[in-house]
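Undergrad: Sequences listed follow chains A and B, in order.
In this text, residue positions in the first sequence follow full-length UniProt numbering: the first is 1, and each later residue adds one.
In this text, residue positions in the second sequence follow full-length UniProt numbering: the first is 1, and each later residue adds one.
Just so you know, even glycine gets a beta-carbon here, dropped at the ideal spot from N, CA and C.
None of these values were measured; they are calculated from a predicted model.
Got a structure for you, written out below as structure tokens; questions coming shortly.
Protein chains: 2
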Amino acid sequence: MTLLRFVYLFLLISFSASAQKDYRLWLQYDKITNLQVTQEYKMGIKGIVSLGNSETSTISLRELESGLTNMLGNKIEIKSKIEGENNLIIGSQSSLSSDIQKNILSDFKRINNEGFIIKSISLKNKKQIVITGKNDVGVLYGVYNFLRLLQTNKSISNLNVIDSPKINLRVLNHWDNLDRTVERGYAGFSLWNWQKLPDFIDQRYIDYARANASVGINGTVLTNVNANALILTPQYLEKVEALANVFRPYGIKVYLTARFSAPIEIGGLKTADPKDAAVANWWKEKAKEIYKRIPDFGGFLVKANSEGQPGPQNYGRDHVDGANMLADAVAPFGGVIMWRAFVYSEHDANDRAKQAYAEFQPYDGKFKANVIVQVKNGAIDFQPREPFHPLFGAMPKTPIMMEFQVTQEYLGFSTHLVYLPKLFQEVLESDTYQKGKGSTVAKVVDGSLTNTKLTGIAGVSNIGNDLNWTGHPFAQANWYGFGRLAWNPYLDAEVIADEWLRCTFSNNKNFINPIKNMMIKSREAVINYMTPLGLHHIMDTGHHYGPGPWVSDLSRPEWNPTYYHKADKNGIGFDRSKTGTNATAQYATQVEKIFDNLETCPEQDLLWFHHVSWDYKLKNGQTLWSGMALKYQEGVNQVQEMQNSWNKAEKYIDAERFKEVQMLLQIQYKEAKWWRDACLLYFQQYSGKELPVGVEKPTETLEYFKSLKFPFAPGN
Amino acid sequence: MTLLRFVYLFLLISFSASAQKDYRLWLQYDKITNLQVTQEYKMGIKGIVSLGNSETSTISLRELESGLTNMLGNKIEIKSKIEGENNLIIGSQSSLSSDIQKNILSDFKRINNEGFIIKSISLKNKKQIVITGKNDVGVLYGVYNFLRLLQTNKSISNLNVIDSPKINLRVLNHWDNLDRTVERGYAGFSLWNWQKLPDFIDQRYIDYARANASVGINGTVLTNVNANALILTPQYLEKVEALANVFRPYGIKVYLTARFSAPIEIGGLKTADPKDAAVANWWKEKAKEIYKRIPDFGGFLVKANSEGQPGPQNYGRDHVDGANMLADAVAPFGGVIMWRAFVYSEHDANDRAKQAYAEFQPYDGKFKANVIVQVKNGAIDFQPREPFHPLFGAMPKTPIMMEFQVTQEYLGFSTHLVYLPKLFQEVLESDTYQKGKGSTVAKVVDGSLTNTKLTGIAGVSNIGNDLNWTGHPFAQANWYGFGRLAWNPYLDAEVIADEWLRCTFSNNKNFINPIKNMMIKSREAVINYMTPLGLHHIMDTGHHYGPGPWVSDLSRPEWNPTYYHKADKNGIGFDRSKTGTNATAQYATQVEKIFDNLETCPEQDLLWFHHVSWDYKLKNGQTLWSGMALKYQEGVNQVQEMQNSWNKAEKYIDAERFKEVQMLLQIQYKEAKWWRDACLLYFQQYSGKELPVGVEKPTETLEYFKSLKFPFAPGN
């Protein structure tokens with residue numbers, strides 16, 4: 001209570017200041033405090049000349065105007081033509097005069113349709129800055145990039161930034177239901193207020209579009225993969241159309257999830273068999289109806305024959321039949337089908353990790369050109385750490401898109417600070433060896449490994465209607481980082497953290513350095529206190545909140561944590577090597593060998609691939625039991641270090657967000673200990689060994705931890 | 001689409017500006033634009049001296065500091081002692097020096113424990129302003145009142161404001177569920193983030209408390225009357241405690257809803273019989289447990305044996321048995337039981353309107369002293385208009401509290417602009433005649449009619465986690481107005497609207513006058529286009545969104561709209577007169593006579609009390625059918641007038657809120673026409689008459705309106 005009193009006395013001081021800062025995400029546009037930097041910018045930007053006249057051009061201009069005014073503290077003149085020097089000239093290629101174009105003609109060859117050029121040029125002997133691209137959305141991307149240069153206090157004296165996104169489809173997947181609950185959502189409820197659409201355009205729709213455009217996200221799947229067919233009825237399509245109209249000038253296409261049985265549920269047909277002509281025709285007509293409303297509709301995302309969802313297998317057909325039928329429906333309009341490979345059968349409990357590969361790999365080359373198979377980063381389900389999914393690189397004749405989970409279903413909801421770009425980067429950098437050394441997942445995803453034209457990356461959204469959008473102020477960095485890596489999957493997570501911190505909080509290096517360090521380490525911390533050494537899916541069941549390694553009574557074996565850790569008197573871990581389920585054989589030979597061999601298998605994946613005795617010696621000489629226990633303790637200690645780092649940040653940022661994060665870190669610390677104590681007490685039953693020196697004694701019993709119930713945990 | 005484009009181009013200009021204004025409610029503290037007024041305030045307020053040192057005092061000081069700084073544009077000095085003249089001296093009675101006290105000693109006799117005094121005094125020949133009260137919460141009320149004087153540009157040159165609340169319990173009822181859905185909530189989801197409580201204190205909790213304190217609301221029932229017993233478990237009580245700690249310094253007590261069967265569900269007992277000693281003891285222990293955590297816990301609100309909720313009747317006991325048992329449990333700690341009289345039996349379909357009176361009136365004088373019976377304003381259920389509930393004034397030996405619905409369950413959700421204080425005032429001014437002429441409902445509620453000490457008023461909250469709190473910017477006025485009328489049930493709705501507009505938008509009379517007029521007329525408009533002439537409960541079923549006069553197939557007769565309007569070839573209306581159900585007999589004789597007689601019954605209540613032929617001549621000479629049709633048309637026209645008024649307001653306020661309201665009024669207009677067309681087409685089947693001249697032709701068929709379905713309407 002003393003802490004609480006302190007907290008709210010602290011917070012009560014300024015009404016809604018926190019709400020405002022939190023709401024503005026990384027687009028704070030705070031006044032720049034470094035005088036030298038301000039001086040350079042004021043000298044370098046004397047006016048803005050906008051050459052376009054589209055809605056997107058207007059957005060670019062207004063964004064520059066508002067950003068510069070706020071950061072520099074004075075208005076920048078908007079000029080109707082280029083006069084004097086040091087103007088910002090913004091416009092697409094075709095709007096540029098020939099004397100400007102000739103300055104940058106060769107640069108246009110280096111960008112793709114969504115790319116941009118920011119360049120200092122000399123025009124009639126006067127220095128100017130041009131922001132351009134092949135179309136107005138490219139210009140908008142350039143504008144956000146330019147603003148970010150200022151937000152991060154970079155020099156603008158001699159600009160030559162030429163950049164294009166490396167992936168075509170950079171989309172958020174909203175698992176949002178029509179009742180506004182969000183499956184696995186921990187930031188409030190859905191942004192989409194279906195009740196008030198189409199006539200009420202919430203300011204948040206616009207601010208959402210701005211935030212996405214600022215990092216290059218160009219698509220949004222509005223609805224849950226566990227889909228409701230009603231979204232495809234005119235009543236809802238009218239609302240979807242309204243959102244599409246809001247998002248279009250920001251370069252964002254709208255997608256929907258297609259419930260495979262929709263022809264029955266809303267079409268009045270007796271079947272949804274993809275080989276049935278009436279069914280195919282129903283989808284063709286439905287696509288026509290949608291495209292009439294939304295000419296640039298992106299297409300459908302489909303979860304079929306997975307976790308109870310209907311699909312082509314209900315009619316004895318396969319995924320190829322289902323996906324291609326839908327592909328034909330949207331192809332005339334340029335739409336795509338994103339078909340998820342997240343499948344596992346209740347009839348095959350041998351090894352869930354093997355099933356997506358086993359089912360989908362043989363389909364390589366059989367999908368229509370506008371189908372892209374969406375594959376989760378790992379073979380199970382968005383765990384704190386998973387080895388990369390064996391399908392990456394294994395279907396060279398098929399577009400494969402990455403599905404990351406930005407919302408922290410298995411990573412502490414929105415109370416744990418976990419910087420996910422570290423996880424994303426680890427996966428993207430993984431070498432599949434499918435075309436020899438250097439065949440990274442990133443090269444699969446951006447199509448460069450197999451010369452694939454249709455490429456994509458999806459992030460399961462962590463966005464809700466909380467004032468701060470993502471529940472945790474630092475979860476904003478995961479949205480931001482997802483967008484940046486979708487644009488360029490070779491970016492470094494640390495560089496992204498640096499950018500984000502500067503845009504969101506402060507450019508003071510005394511703040512940036514320790515807090516960046518905290519972010520970078522945060523992902524390893526969560527692995528340590530939840531699932532060290534390759535453990536996985538031992539979260540409590542259903543809601544996935546907190547530890548539940550003891551759960552063993554669910555109807556499907558592969559829903560039980562005990563299925564995944566297989567702890568017994570002899571040891572712990574899932575043997576996926578040749579002596580076990582042989583899941584390792586799904587990888588390229590070089591990778592298979594590494595994972596298969598206890599000696600070469602990275603210890604971070606040890607219990608993912610091997611059942612190992614409690615006395616097994618780890619590389620540091622500790623026994624597995626001691627090493628695991630110490631890892632759990634290390635995770636707790638790391639959260640404490642995060643708290644220490646954060647407490648020192650107080651003087652550099654606003655009191656409100658400081659307090660928010662402080663409170664959340666306190667929860668994370670409490671829950672990290674809960675994870676440590678619950679898991680170690682449970683596993684100790686099997687190891688029969690004492691906790692090693694250095695591990696704190698649990699303060700509660702195992703029975704206590706097992707008794708905890710969370711009937712209203714969010715997102716379930 | 002053209003309109004939409006216009007709208008979002010307009011809105012995109014400034015990121016989140018709208019969100020910020022919307023969020024700040026009536027506590028905008030905008031810079032005062034009238035120079036003369038600013039001059040007076042700057043001269044009159046040279047410094048602030050705060051004499052208290054409680055958390056509440058700190059809040060008072062910070063609020064003044066922030067409000068004055070923002071409104072005047074410069075900082076006001078905080079002084080540690082009184083120096084010079086024109087200081088604001090704030091502190092409770094005991095903190096005032098004797099020379100100050102002697103200036104206002106007699107005033108203290110005129111205020112109650114929550115009252116305040118704002119007074120210009122002369123101290124050592126220097127002019128000062130004192131804001132005081134008997135305790136720090138009184139001072140806080142005074143501070144908000146003082147700030148409101150400035151917000152509304154009133155003179156502060158010779159202050160003498162002495163005011164006290166006339167009602168003890170001024171509480172919001174949140175129908176918030178533990179999964180954060182809100183029954184009848186149309187402003188997003190529950191503010192209470194149970195998942196993150198107790199450790200995370202959302203800034204909104206604090207801002208919610210501020211807003212409530214600023215209008216004098218001093219209690220909040222956190223949970224739905226359709227209650228879940230889990231709220232009474234330690235897991236949740238810890239969270240409730242955290243909220244209570246936040247609200248306490250704002251003078252706000254926390255209450256919970258008590259599920260009557262909780263002793264079974266969470267207590268492990270076999271019964272919840274209020275006469276069972278173990279049950280009574282369980283509640284006593286539960287109360288002790290709660291008060292240990294929350295020493296100023298307010299008590300319980302109970303919905304028992306109503307709409308499927310458990311209650312004492314499940315055990316052959318009555319409401320008195322149930323309420324008194326709970327009252328004994330909380331009495332030692334000063335708690336109260338608010339026991340709802342909203343009951344109607346499925347076994348008695350004769351006239352639902354009669355049942356609460358029939359069941360409760362005989363209990364008069366039988367409840368314990370700390371029980372207050374909570375009665376809805378009308379005998380059915382929060383309709384756009386209902387005659388006052390016959391229980392008001394009919395239980396002189398029992399504390400009776402008013403239950404208003406601030407959320408617009410039956411009044412267009414959060415898309416319709418309806419200024420509810422007009423409705424509240426109409427009810428409060430109604431004369432019950434229970435102690436002769438002048439026995440108004442307000443006098444029942446404030447206890448003055450029967451010299452009742454325990455008094456209360458409840459408002460079913462319209463607050464959710466939307467950025468603007470209430471879904472519609474003008475619904476904020478209903479929260480504000482409820483609070484103001486709870487403080488003083490004799491206030492005029494027009495005066496409240498004036499205050500609210502000035503605090504929320506602008507002091508410009510060219511804005512205030514037409515918009516105030518729009519607000520005042522808005523409530524009659526919604527009656528006209530929904531339920532004119534005493535019609536009621538003809539909303540579509542379940543969600544209550546839109547018209548559904550045709551619904552007649554529900555299991556309980558009194559859930560069907562046809563039960564309420566009883567339209568047939570002969571006419572329309574519910575005969576509650578002597579020739580019908582004789583519900584009129586529940587009123588005092590004078591009132592009974594007025595309602596009973598077709599000649600004297602106010603036409604606004606005509607079809608509430610009488611079944612009237614289609615050819616019945618209204619006072620204006622129109623037939624009932626023509627008059628009703630023209631009323632529906634008038635409602636539509638009134639919304640058009642509201643739109644016209646609002647469109648002229650554009651230049652006086654911020655673009656964002658202007659656009660928001662404009663979009664919402666457009667929805668309201670569309671839905672007003674929907675109501676008109678659907679109801680008239682439906683009733684026309686019975687009247688068999690043409691629409692009179694002046695009523696627009698429906699553009700859709702009755703079958704179309706009947707076909708509309710809203711499976712995900714909010715709040716259901």
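1) Pull up the distance between the alpha-carbon of T415 (chain A) and that of C601 (chain A), whole angstroms please.
2) Over the uninterrupted beta strand (DSSP E) stretch that includes R170 (chain B), give me the two end residues.
3) Go to L243 (chain A), then tell me how far its beta strand (DSSP E) extends in each direction, as first and last residue.
4) Taking T415 (chain A) as the query, report the chain B residues whose CB atoms sit under 9 Å from its CB, ordered along the chain.
5) Among residues of its own chain, excluding the 5 on either side of E696 (chain B), which ones have a beta-carbon nearer than 7 Å to its beta-carbon?
6) Alpha carbon to alpha carbon, what distance is there between M539 (chain A) and R385 (chain A)?
7) Which residue's Cα is closest to the Cα of R502 (chain A): A:I653, A:P387, A:R170?
8) Have a look at residue 722 (chain A) and R556 (chain A) and give me their C-alpha separation to the nearest angstrom.
9) When you compare the CB positions of G185 (chain B) and G464 (chain B), do they come within less than 7 Å of one another, or not?
10) Do you know offhand how far E83 (chain B)'s Cα is from K119 (chain B)'s?
11) Does any CB atom of chain B fall closer than 7 Å to the CB of D179 (chain A)?
12) With H, G and I counted as helix, E and B as strand and the rest as coil, what does DSSP make of A585 (chain B)?
13) List the residues of chain A whose Cβ lies closer than 7 Å to the Cβ of F505 (chain B), in chain order.
14) So if I threshold CB-CB distances at 7 Å, which residues from the stretch 124-153 of chain A count as touching chain B?
15) So what does DSSP say about P692 (chain B), is it helix, strand or coil?
16) Residues of chain B with a CB under 7 Å from the CB of F712 (chain A): which are they?
17) Select from the stretch 633-664 of chain A all residues with a C-beta closer than 7 Å to any C-beta belonging to chain B, and list them in chain order.
18) Between the C-alpha atoms of L243 (chain A) and W283 (chain A), what's the straight-line distance to the nearest angstrom?
19) Buried or exposed for E703 (chain B), please, with buried defined as at least 16 other CB atoms from any protein chain shown within 10 angstroms of its CB.
20) Is F189 (chain B) helix, strand or coil by DSSP?
21) Can you find a CB in chain B that lies within less than 7 Å of the CB of N465 (chain A)?
22) Below 7 Å between beta carbons: does that hold for E499 (chain A) and T152 (chain A)?
23) Which word fits L624 (chain B), buried or exposed, when buried means at least 16 other C-beta atoms lie within 10 angstroms of its C-beta?
24) Between the stretch 544-551 of chain A and the stretch 576-591 of chain A, do at least 3 Cβ pairs fall closer than 8 Å?
25) Applying the 10 Å Cβ sphere with the 16-neighbour rule, what's the burial state of N168 (chain A)?
26) Starting from the Cα of T562 (chain B), find the closest Cα among B:I156, B:S448, B:A349 and give me that residue.
27) What does the alpha-carbon distance come out to for the pair T432 (chain B) and K102 (chain B)?
28) For chain B, check one thing: does any of its Cβ atoms lie closer than 7 Å to the Cβ of F705 (chain A)?
29) What residue range does the alpha helix (DSSP H) around F658 (chain A) cover?
30) N224 (chain B) and E289 (chain B): beta carbons closer than 7 Å?
31) In whole angstroms, what separates the C-alpha of D107 (chain B) from that of M401 (chain B)?
32) Which residues of chain B have a Cβ atom closer than 8 Å to the Cβ of I667 (chain A), listed in chain order?
33) Less than 7 Å between the C-beta atoms of L607 (chain B) and L535 (chain B), yes or no?
34) Quick check on G316 (chain A) - is its C-beta less than 7 Å from some C-beta in chain B?
35) DSSP state of A17 (chain A), grouped into three classes?
36) Can you check DSSP and say which residues form a bridge with Y255 (chain A)?
TA: With the structure as the only source:
1) 32 Å
2) 169-173
3) Premise fails: L243 (chain A) lies in the alpha helix (DSSP H), 234-247, not in any beta strand (DSSP E).
4) Q195, K196, D199, F200
5) Q633
6) 13 Å
7) A:I653
8) This structure gives no information on residue 722 (chain A), because the portion of chain A shown stretches from 1 to 716.
9) yes
10) 18 Å
11) yes
12) helix
13) Under the 7 Å cutoff, chain A gives no residues; its nearest Cβ is about 17 Å from F505 (chain B).
14) none
15) coil
16) L178, D179, W194
17) E656, M663, L664
18) 22 Å
19) exposed
20) coil
21) yes
22) yes
23) buried
24) no
25) buried
26) B:A349
27) 43 Å
28) no
29) 655-687
30) no
31) 29 Å
32) K196, D199, F200
33) yes
34) no
35) Low confidence applies to A17 (chain A): its pLDDT is 49, below 50, so where it sits in the model is not reliable, and the reading given next is rough at best. It is helical.
36) A:V221, A:G299
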